[in-house]
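Q: So the sequence shown is numbered by the numbering used here: it starts at 3 and just counts up by one. The beta carbon of each residue, even a glycine, is placed where N, CA and C say it ideally should be. Because the structure is a prediction, the values reported are computed rather than measured.
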Amino acid sequence: MKKRGIQYVVKKSDGFYPSEEMKKIANITDPQIYEKAAKDPIAFWGKMAKEGITWEKEWDKTYVEKLPYFEWFKGGKLNFSVNCLDRHLAHPDKTALIWVPEPDTEPSIKISYEELHDKVCKFANVLKANGVKKGDVVSIYLPMVPQALIAMLSCTRIGAIHSVVFSAFSADALKARIEDGQSKILITSDGYYRRGKPEDLLTKAKNAAKKTTIKKIIVVNRIGKKVRGRRFLNFEDEIKKAPSYCKPEMMNSEDPMFLLYTSGTTGRPKGIVHDTGGYATQAYWTCKWNFDLHPEDIMWCTADIGWITGHTYAMYGPLLTGATTLIYEGGPDFPNPGRWWKIIQDHKVNVFYTAPTAIRMFMKTPQKWITKYDLSSIKILGTVGEPIDKESWMWYFRTIGGSRCPVIDTWWQTETGGTLINTIPGIGPFIPTISGKSFPGVKHIIVDDKGYPMPKGRQGFLAQQSPFAPGMLHGVFNNHKKYVSTYWEKFKTMYDTSDGAYLQNGLIRITGRTDDVMKVAGHRLATAEVENAIHDNKVVGDCAVVPMPDKIKGQVPIAFVVLKKGHPSKDLEQKLKKHVDIKIGPTARPARIFFVEDLPKTRSGKIMRRILKSLLIKEEPEGLMTLVNPSSVEKIKDTITENP
Ligand code: WTA
Numbered sequence: 003m004k005k006r007g008i009q010y011v012v013k014k015s016d017g018f019y020p021s022e023e024m025k026k027i028a029n030i031t032d033p034q035i036y037e038k039a040a041k042d043p044i045a046f047w048g049k050m051a052k053e054g055i056t057w058e059k060e061w062d063k064t065y066v067e068k069l070p071y072f073e074w075f076k077g078g079k080l081n082f083s084v085n086c087l088d089r090h091l092a093h094p095d096k097t098a099l100i101w102v103p104e105p106d107t108e109p110s111i112k113i114s115y116e117e118l119h120d121k122v123c124k125f126a127n128v129l130k131a132n133g134v135k136k137g138d139v140v141s142i143y144l145p146m147v148p149q150a151l152i153a154m155l156s157c158t159r160i161g162a163i164h165s166v167v168f169s170a171f172s173a174d175a176l177k178a179r180i181e182d183g184q185s186k187i188l189i190t191s192d193g194y195y196r197r198g199k200p201e202d203l204l205t206k207a208k209n210a211a212k213k214t215t216i217k218k219i220i221v222v223n224r225i226g227k228k229v230r231g232r233r234f235l236n237f238e239d240e241i242k243k244a245p246s247y248c249k250p251e252m253m254n255s256e257d258p259m260f261l262l263y264t265s266g267t268t269g270r271p272k273g274i275v276h277d278t279g280g281y282a283t284q285a286y287w288t289c290k291w292n293f294d295l296h297p298e299d300i301m302w303c304t305a306d307i308g309w310i311t312g313h314t315y316a317m318y319g320p321l322l323t324g325a326t327t328l329i330y331e332g333g334p335d336f337p338n339p340g341r342w343w344k345i346i347q348d349h350k351v352n353v354f355y356t357a358p359t360a361i362r363m364f365m366k367t368p369q370k371w372i373t374k375y376d377l378s379s380i381k382i383l384g385t386v387g388e389p390i391d392k393e394s395w396m397w398y399f400r401t402i403g404g405s406r407c408p409v410i411d412t413w414w415q416t417e418t419g420g421t422l423i424n425t426i427p428g429i430g431p432f433i434p435t436i437s438g439k440s441f442p443g444v445k446h447i448i449v450d451d452k453g454y455p456m457p458k459g460r461q462g463f464l465a466q467q468s469p470f471a472p473g474m475l476h477g478v479f480n481n482h483k484k485y486v487s488t489y490w491e492k493f494k495t496m497y498d499t500s501d502g503a504y505l506q507n508g509l510i511r512i513t514g515r516t517d518d519v520m521k522v523a524g525h526r527l528a529t530a531e532v533e534n535a536i537h538d539n540k541v542v543g544d545c546a547v548v549p550m551p552d553k554i555k556g557q558v559p560i561a562f563v564v565l566k567k568g569h570p571s572k573d574l575e576q577k578l579k580k581h582v583d584i585k586i587g588p589t590a591r592p593a594r595i596f597f598v599e600d601l602p603k604t605r606s607g608k609i610m611r612r613i614l615k616s617l618l619i620k621e622e623p624e625g626l627m628t629l630v631n632p633s634s635v636e637k638i639k640d641t642i643t644e645n646p
């Protein structure tokens with residue numbers, strides 16, 4: 003029998019607000035919290051860190067800023083895994099993690115806090131036995147399996163820095179990240195299940211590790227492949243042999259905890275560095291306040307651990323708060339489009355967090371696959387990764403939330419570590435397409451390109467002001483210059499988000515990236531990365547990649563290629579697409595490749611991608627006067643029309 007769940011929102015003239023039921027349970031309901039925190043953000047965060055996080059030693063200075071760097075809780079000591087595990091052992095049987103494998107013939111697995119603690123201690127000892135020391139980088143290339151969480155937490159146990167690489171990325175992409183971090187250990191699996199079939203991962207991992215610093219590859223056996231060779235260790239066998247307690251390494255608050263590579267405007271992804279204490283504080287409190295997570299809640303964040311959302315909300319945030327996190331191995335529509343909704347029903351998920359791409363995909367599937375399931379356990383819905391349009395927001399609100407639950411539209415970035423702009427469930431309002439306010443104690447401003455505030459309601463650049471949020475990046479790994487040029491060059495004393503935004507009734511509405519970064523199905527990719535991959539082919543003379551709006555994925559990459567000479571062979575488009583798969587991964591594959599004679603360029607040789615974007619959406623391009631070759635534009639227009 004389907005139940006109607008609790009009504010958590012009420013409708014008012016300007017949007018939805020928390021109902022009395024929501025206010026009764028919410029971790030925070032005081033709308034004054036923003037003003038209170040703004041009076042002294044440093045003191046506010048100090049109080050939050052003390053209350054939310056277990057410290058071995060308290061800090062000497064709450065905040066030290068020497069731009070472009072800043073440090074939170076300086077002198078404080080803590081261990082991150084202790085905060086996720088040991089401190090919850092008063093309830094040892096409480097489920098920390100529910101793992102749902104893709105094959106529906108395999109049962110779900112529940113891992114208690116005590117079991118997870120035990121495995122993490124043991125695997126931390128395995129890492130130590132293999133020479134991993136505090137400060138070393140460990141590469142993790144795993145699908146959504148419990149061992150991914152165990153491996154990551156084990157690194158934090160001993161103060162090693164984890165660097166997780168999305169399992170759908172290619173061997174080349176993994177290799178580049180291994181080389182940048184100089185890691186000696188790679189943790190991977192033989193494969194995983196995707197849409198009913200075993201997918202190989204080990205071959206990619208092996209190829210990536212060739213001629214790198216990797217000494218040992220620790221393999222999770224998931225699809226039953228035989229793995230032989232001196233360099234390979236079996237994850238479970240090693241755990242069985244390992245001693246069962248591992249003393250946590252006490253880290254400085256500002257010691258790096260993990261690297262996560264993300265795309266910027268150039269072809270080379272940057273290793274974003276996150277520290278320990280500041281990140282922990284923000285992950286904890288954003289889970290508590292933005293997702294109203296309570297220890298008895300089950301949170302399902304559908305993001306892969308290869309992305310920051312997977313790090314902070316599929317894993318660390320829920321564990322820091324002592325709640326239960328659910329992770330799912332496979333495809334959203336396998337064996338049928340009811341899979342996700344059945345998971346929510348079966349496991350009584352309370353907080354569900356996903357991306358607009360998934361929402362748009364499910365809007366288009368026959369609704370019977372969704373409406374047949376009981377979704378009354380849901381309390382909060384979250385969305386992240388790209389702007390969400392009103393229609394998708396309303397569909398999510400009505401169909402998944404039964405018009406009962408707030409939709410929290412969280413704006414943040416790999417660099418920010420945790421959510422930063424959204425409305426809080428106990429406070430509201432929840433308005434389609436509006437993200438909301440900066441988290442208490444954080445300040446954003448909308449400015450023109452010189453850094454001056456924009457008049458209210460006008461679109462500008464979104465920048466963050468000092469003191470910067472505790473979860474913010476600690477730099478770009480081994481690349482000070484890049485850190486400065488990407489985030490601090492434009493506004494000097496403000497962090498440049500590279501997003502556009504405007505204010506609507508005092509609330510922030512995000513309009514999207516202002517740089518050459520695409521969001522393809524929520525995945526962050528630089529146009530330059532895809533261009534570099536296409537340039538590898540010797541016949542390619544020139545190339546430009548631009549995002550084109552897509553009904554499901556938000557954006558898809560489209561490539562324009564100029565050949566050195568002659569005409570494209572019949573299979574060249576396929577060949578180039580395949581090469582992008584190998585170089586980066588299928589997420590980056592251009593939806594179309596247009597072969598053109600020339601690309602629109604300025605006198606200084608800059609390709610005018612803006613013009614290409616206009617042509618793709620059939621808009622009249624502006625700024626043709628600045629081109630050296632305005633005639634190229636008509637020809638490209640024809641090519642697009644002739645090859646729909
Ligand atoms: C975009 C993902 C609109 C934005 C956590 C940002 C959003 C980039 C939203 C970061 C949102 C994220 N509304 N746009 N709610 N959330 N974005 O590093 O352009 O993968 O700069 O982090 O995603 O992507 P990243």
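For HIS446, verify whether its CB is less than 8 Å away from any heavy atom of ligand 1.
A: HIS446: no, Cβ never under 8 Å from ligand 1.
Q: Taking 9 Å as the threshold (beta carbon to beta carbon), is ASP294 in contact with chain D?
A: Within the model displayed, chain D is absent; a lone protein chain is all it includes.
Q: Cα-Cα, which of ILE613, SER405, LEU188 is closest to CYS157?
A: That would be LEU188, whose Cα lies nearest to the Cα of CYS157.
Q: Is it the case that the CB of TRP309 approaches a heavy atom of ligand 1 more closely than 8 Å?
A: Yes, the Cβ of TRP309 comes within 8 Å of a heavy atom of ligand 1.
Q: Could you tell me the distance, in whole angstroms, from the CA atom of ASN663 to the CA atom of GLU331?
A: No answer is possible for residue 663: it lies beyond the span of the chain, which begins at 3 and ends at 646.
Q: Our contact map puts ILE55 next to TYR315 with C-beta atoms below 8 Å; I'd like the distance itself, whole angstroms only.
A: Incorrect: roughly 17 Å between the Cβ atoms, too far for contact.
Q: For the alpha helix (DSSP H) containing MET317, list its first residue and its last residue.
A: Looking at the DSSP string, MET317 is not in any alpha helix (DSSP H), and its letter there is neither H nor E.
Q: Per DSSP, what are the beta-bridge partners of ILE410 in this structure?
A: Answer by DSSP bridge pairing, in chain order: GLY384.
Q: Are at least three pairs of beta-carbons, each pair with one atom in the segment 490 to 509 and one in the segment 526 to 543, less than 8 Å apart?
A: Too few Cβ pairs lie closer than 8 Å, so no.
Q: I'd like to confirm the pairing. Which residues does DSSP put opposite PHE72 in its beta bridges?
A: For PHE72, which the question treats as bridged, DSSP gives the partners GLU67.
Q: So if DSSP puts ALA528 in a beta bridge, which residue, or which two residues, is it bridged to?
A: BP columns for ALA528 point to VAL519.
Q: What is the residue span of the alpha helix (DSSP H) that ASN236 lies within?
A: Element bounds for ASN236: not the alpha helix (DSSP H) but the beta strand (DSSP E), 234 to 236.
Q: Short check: CB of LYS206 to CB of ALA173, under 9 Å?
A: Contact flag set, yes.
Q: What first and last residue would you give for the beta strand (DSSP E) that runs through ASP583?
A: Looking at the DSSP string, ASP583 is not in any beta strand (DSSP E); the run it does join, the alpha helix (DSSP H), is 574 to 585.
Q: Helix, strand or coil for ARG230? Go by DSSP, reduced to three states.
A: Coil, per DSSP.
Q: Near PRO43, what residues of its chain come up, given a Cβ to Cβ distance below 6 Å and the 5 sequence neighbours on each side ignored?
A: Excluding sequence neighbours, PRO43 sits near GLY443, PRO469.
Q: Can you check which of these residues, MET317, GLY308, ILE361, PHE399, is closest to PRO334 by C-alpha distance?
A: Comparing Cα-Cα distances from PRO334 to each of MET317, GLY308, ILE361, PHE399, the minimum goes to ILE361.
Q: If we require 4 or more residues per run, which alpha helix (DSSP H) segments fall completely within the segment 104 to 153?
A: Segments of the alpha helix (DSSP H) lying fully in the segment 104 to 153: 115 to 131.
Q: Is it the case that the CB of GLN415 approaches a heavy atom of ligand 3 more closely than 8 Å?
A: Annotation note on ligand 3: not contained in the displayed structure, which lists ligand 1 as its ligands.
Q: Do the segment 342 to 354 and the segment 167 to 182 meet, that is, are 3 or more Cβ pairs less than 8 Å apart?
A: No, they do not touch.
Q: Please list, in chain order, all residues of the same chain as ASN424 whose beta carbon is under 7 Å from its beta carbon, the five residues on each side excluded.
A: If we look at ASN424 and ignore the five residues flanking it on each side, its Cβ neighbours are ASN292, ILE410, ASP411, THR412, TRP413, SER437, GLY438.
Q: Looking only at C-alpha atoms, which of GLU644, MET456, PRO427, ASP518 sits nearest to PHE18?
A: Cα-wise, what sits closest to PHE18 is PRO427.
Q: Touching or not, the segment 224 to 233 and the segment 117 to 136, by the rule of three or more beta carbon pairs under 8 Å?
A: They do not touch, by the three-pair rule.
Q: Spatial neighbours of THR418 within its chain, please: CB distance less than 7 Å, with the 5 preceding and 5 following residues excluded, ordered by chain position.
A: Here the set comprises ALA471, GLY473, MET474.
Q: Does DSSP put LEU601 in a helix, a strand or coil?
A: Of the three classes helix, strand and coil, the one that applies to LEU601 here is coil, per DSSP.
Q: According to DSSP, what are the bridge partners of TYR497?
A: In DSSP, TYR497 forms a bridge with GLN466.
Q: Taking 8 Å as the cut-off, is the beta-carbon of GLU531 closer than that to any non-hydrogen atom of ligand 1?
A: For ligand 1, not one heavy atom lies less than 8 Å from the Cβ of GLU531.
Q: Using CA atoms only, rank isn't needed, just tell me which of ILE512, PRO549, VAL635 is closest to LEU527.
A: For the residues ILE512, PRO549, VAL635, the minimum Cα distance to LEU527 belongs to PRO549.
Q: Check ALA561 in the structure and name its three-state DSSP category.
A: Of the three classes helix, strand and coil, the one that applies to ALA561 here is strand, per DSSP.
Q: Whose C-beta lies closer than 6 Å to the C-beta of ILE274 among residues of the same chain, with five residues either side of it excluded?
A: Here the set comprises LEU262, THR264, THR416, GLU417, LEU475.
Q: Per the contact definition of three or more C-beta pairs closer than 8 Å, is the segment 152 to 172 in contact with the segment 80 to 93?
A: Contact holds: three or more Cβ-Cβ distances are below 8 Å.
Q: How is LYS79 classed by DSSP in three states: helix, strand or coil?
A: Strand at LYS79.
Q: Have a look at LEU578 and LYS212 and give me their C-alpha separation to the nearest angstrom.
A: Rounded to the nearest angstrom, the two C-alpha atoms are 24 Å apart.
Q: Can you give me the start and stop residues for the alpha helix (DSSP H) that CYS289 sits inside?
A: Element bounds for CYS289: 279 to 292.
Q: Could you give the distance in angstroms between the alpha-carbon of PRO145 and the alpha-carbon of ALA305?
A: So the two alpha carbons sit approximately 11 Å from each other.
Q: Using only CA atoms, which one of MET24, PRO109, VAL564 lies nearest to LYS603?
A: Comparing Cα-Cα distances from LYS603 to each of MET24, PRO109, VAL564, the minimum goes to VAL564.
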